[in-house]
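Accompanying notes for the structure given below.
In the numbering used here, the protein residues as written are 4 to 120.
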């Protein structure tokens, strides 16, 4: 009986951890105005225009993000053919949009070469 209770407890603990892990597709932005009032905004990752990069070393692109309203999302360094294709298509589309809107200036401001370009 004691073993089954322990097993059920571990099972419940595992599923509760999975439910928290599912919220990784959201970005929470907390900002303060000059008076100290906090504002919280939750944005779905899939709705943000972004470049997809791979690797364990990520760099902050806040200046680029604020200037061009485009983010850089870093994923792990293991790349399957399917993920590679998605990233290349996404990055080419983002590059085309930014080039049409800003010319080639955005490339210097980004400071990296997006995957697949």
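Even for Gly, the Cβ is constructed at its ideal location relative to N, Cα and C. Predicted model, so just to flag it, every value in this text is computed and none were measured.
With 16 or more neighbouring CB atoms inside 10 Å of its own CB, residue 73 falls in the buried class. By a beta-carbon distance limit of 8 Å, residue 62 does not contact residue 112. Their separation comes to about 13 Å.
For residue 74, the enclosing beta strand (DSSP E) has its first and last residue at 74-78. Judged by their CB atoms, residue 118 and residue 55 are nearer to each other than the 8 Å cut-off. Comparing C-alpha distances from residue 120 to each of 68, 92, 80, 53 shows the shortest one belongs to 92. In terms of CA proximity to residue 75, 110 leads the group 41, 110, 103, 106. Assigned with DSSP and collapsed to three states, residue 116 falls in coil, not helix or strand. Straight-line spacing of the CA atoms in residue 66 and residue 53 works out to 14 Å. Judged by their CB atoms, residue 57 and residue 82 are nearer to each other than the 8 Å cut-off.
DSSP places residue 89 within a helical segment (H, G or I) once states are collapsed to three.
Buried is the label assigned to residue 94, since at least 16 other Cβ atoms lie within 10 Å of its Cβ. When DSSP states are grouped into helix, strand and coil, residue 40 belongs to the coil group.
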